[in-house]
Amino acid sequence: MKPAPFEYVRAADLDQACAMLAAGDDTRVIAGGQTLVPLMAMRLARPKRLIDIARISDLAFVRQEREGIAIGATTRQCVLERDAVVRAAVPLLAKVMPFVGHAAIRSRGTVGGSLANADPAAEIALVAVTLGATLIYRQGTASEEIAASDFFLGPMMTALPATACLTAVRFPRWADARVGVGFHEVSARRSDFAFASAAAQVALDDSGVCRRLALGIGAVAARPLRLDSVATALEGTRVELPVARAVVRAALADIEPLCDLHASADYRRRAATSLAVRAINDACRAAEAAHAR
Ligand SMILES: Cc1cc2nc3c(=O)[nH]c(=O)nc-3n(C[C@H](O)[C@H](O)[C@H](O)COP(=O)(O)OP(=O)(O)OC[C@H]3O[C@@H](n4cnc5c(N)ncnc54)[C@H](O)[C@@H]3O)c2cc1C
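Okay, so the sequence shown: first residue is -17 according to our numbering, each after it adds one.
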């Protein structure tokens, strides 16, 4: 199929893009086009006007800040995969990047496009929720911030106003000396969208006791979930896997897992439990190795 007729405008800068978005009239931003173009070709999306923000250079950056890093919305996914600043400051983000689609998709797909698209299985969204990232957007001339936990509302649904442009995302850096990360997912083929995924970041003290733990589950519910009850139960303890399994299982007992042709709700819950325990275990082992250095 071919897309329905639409007008295409390449915005010279963010001011122009936001002014055109504010004018409304069924206008959508296009960044990498990796999701929007197929949706338009299948006529599942029929915007009257596309505003291309891909070449607004002010929106493509990775910047070190006092308490973390800021990443511009049009930064391509392949950039994060290789960026030394990202690897050092937010290792969990670096860890998941090879799982975001295929190399060809990551070479065009953007960070902002992935967040705005809000696929429940998207790895960047999972890390944003797990680590408590902040998303920044412009509406007209006003710049607003929103916590990742409030941004994702459901499959392909966000709190981003229709006339707003996502400009950046800020990830916090853990200052602890011994930080380790773990990530696992199940998908039909490598780099396809996952049926279930889990991301963990752990900080250990000198004696191996867990000081901080963040655990997130993706592709299982309508949006990425951060399991704070697991952190509460394991922080201050030497993490033991049977205990971790029990608290993850309890945390997932009350969620409503997605159910589709690929995986049943029961499968997703069981897979998420195992993936979460493996991710926690990997994160602990990596934090211990950081200890030994
Ligand atoms: C075969 C295939 C496999 C994939 N596998 C995965 C996977 O395993 N994991 C994963 O996470 N992703 C996967 N993706 C999706 C991929 O990561 C896309 O790049 C991403 O979802 C969209 O990014 P984009 O820059 O291409 O956005 P676009 O396609 O340009 O836009 C997507 C949506 O976001 C909106 N948007 C884009 N940028 C902004 C902005 N700055 N402000 C406001 N709205 C904006 C657009 O209006 C549109 O609604 C896959 C895609 C394909 C085609």
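Beta carbons: idealized from backbone N, C-alpha and C, even for Gly.
Is it true that the CB of residue 113 sits closer than 9 Å to the CB of residue 196?
By 1-based counting over the sequence shown, the position of residue 196 is 214. By 1-based counting over the sequence shown, the position of residue 113 is 131. Closer than 9 Å, so yes.
Within 8 Å, do at least three Cβ pairs link the region 130 to 146 to the region 65 to 81?
no
Inter-stretch contact at 8 Å, needing at least 3 Cβ pairs: the region 120 to 135 / the region 229 to 247
no
First and last residue of the alpha helix (DSSP H) that includes residue 31?
Reading the sequence shown from its first residue, position 49 is the one you call residue 31. Taken as a continuous stretch (DSSP letters only), residue 31 belongs to no alpha helix (DSSP H), being part of the beta strand (DSSP E) at 31 to 34.
Inter-residue spacing [alpha-carbon to alpha-carbon] between residue 215 and residue 170
In the sequence shown, the residue the question calls residue 215 occupies position 233. In the sequence shown, the residue the question calls residue 170 occupies position 188. For residue 215 and residue 170, the distance between alpha carbons rounds to 33 Å.
Would you mind stating whether residue 185 and residue 238 have Cβ atoms separated by less than 9 Å?
Taking the first residue of the sequence shown as 1, we reach residue 185 at position 203. Taking the first residue of the sequence shown as 1, we reach residue 238 at position 256. No, they are not a contact pair.
Quick check on residue 92: buried or exposed, where buried means 16 or more other Cβ atoms within 10 Å of its Cβ?
On the sequence shown, residue 92 is found 110 positions in, with the first residue counted as 1. That one is buried.
Assigned exposure category for residue 123 - 16 Cβ within 10 Å defines buried
Within the sequence shown, numbered from 1, the residue matching residue 123 stands at position 141. With fewer than 16 other Cβ atoms from the protein chains shown falling within 10 Å of its own Cβ, residue 123 counts as exposed.
Under the three-state DSSP convention, the category residue 240 falls into:
Position 258 of the sequence shown, counted from the first residue, corresponds to residue 240. Reduced to three states, the DSSP call for residue 240 is coil.
Which residue marks the beginning of the alpha helix (DSSP H) containing residue 133, and which one marks its end?
If you number the sequence shown from 1, residue 133 lands on position 151. That run of the alpha helix (DSSP H) goes 130 to 133.
Would you identify the three-state DSSP class for residue 168, choosing helix, strand or coil?
As a position in the sequence shown, residue 168 is number 186, starting the count at 1. Looking at residue 168 - three-state DSSP - the assignment turns out to be strand.
Hey, would you say residue 109 sits closer than 9 Å to residue 181, going by beta carbons?
Residue 109 sits at position 127 when you count from the first residue of the sequence shown. Residue 181 sits at position 199 when you count from the first residue of the sequence shown. It is a contact, given that the beta carbons lie within the stated cut-off.
Endpoints, beta strand (DSSP E) assigned at residue 214
On the sequence shown, position 232 is the one that residue 214 refers to. First-last for residue 214: 210 to 216, but that is the alpha helix (DSSP H), not the beta strand (DSSP E).
Pairing CB atoms from the region 145 to 163 with CB atoms from the region 264 to 272, are three or more of them under 8 Å?
yes
Is residue 166 near ligand 1, in the sense that its beta carbon is under 8 Å from a heavy atom of that ligand?
Indexing the sequence shown from 1 puts residue 166 at position 184. The answer is no for residue 166.
Burial state of residue 259 (16 or more Cβ within 10 Å):
By 1-based counting over the sequence shown, the position of residue 259 is 277. Under this definition residue 259 is a buried residue.
In three-state DSSP terms, what is residue 145?
Within the sequence shown, numbered from 1, the residue matching residue 145 stands at position 163. Of the three classes helix, strand and coil, the one that applies to residue 145 here is coil, per DSSP.
Thinking C-alpha only, which one of 5, 86, 55 is nearest residue 12?
Position 30 of the sequence shown, counted from the first residue, corresponds to residue 12. Closest by alpha carbon: 55.
Below 8 Å, can you find three or more Cβ-Cβ pairs linking the region 87 to 106 to the region 52 to 71?
yes
Assuming residue 213 contacts residue 103 under a Cβ cut-off of 8 Å, what Cβ separation, rounded to an integer in Å, is found between them?
In the sequence shown, residue 213 corresponds to position 231, counting from 1. In the sequence shown, residue 103 corresponds to position 121, counting from 1. Incorrect: roughly 22 Å between the Cβ atoms, too far for contact.
Give me the residue from 168, 41, 193 with the minimum Cα distance to residue 156.
Within the sequence shown, residue 156 is the residue found at index 174, counting from 1. Among 168, 41, 193, the Cα nearest to that of residue 156 belongs to 193.
Report whether the distance from the Cβ of residue -10 to the nearest heavy atom of ligand 1 is below 8 Å.
In the sequence shown, the residue the question calls residue -10 occupies position 8. For ligand 1, not one heavy atom lies less than 8 Å from the Cβ of residue -10.
Closest by CA to residue 221, which one among 250, 208, 207, 183?
Working through the sequence shown from its first residue, we reach residue 221 at position 239. Considering only alpha carbons, the answer is 183.
Residue 232 and residue 211 closer than 9 Å at C-beta
Indexing the sequence shown from 1 puts residue 232 at position 250. Indexing the sequence shown from 1 puts residue 211 at position 229. A contact, by the Cβ cut-off of 9 Å.
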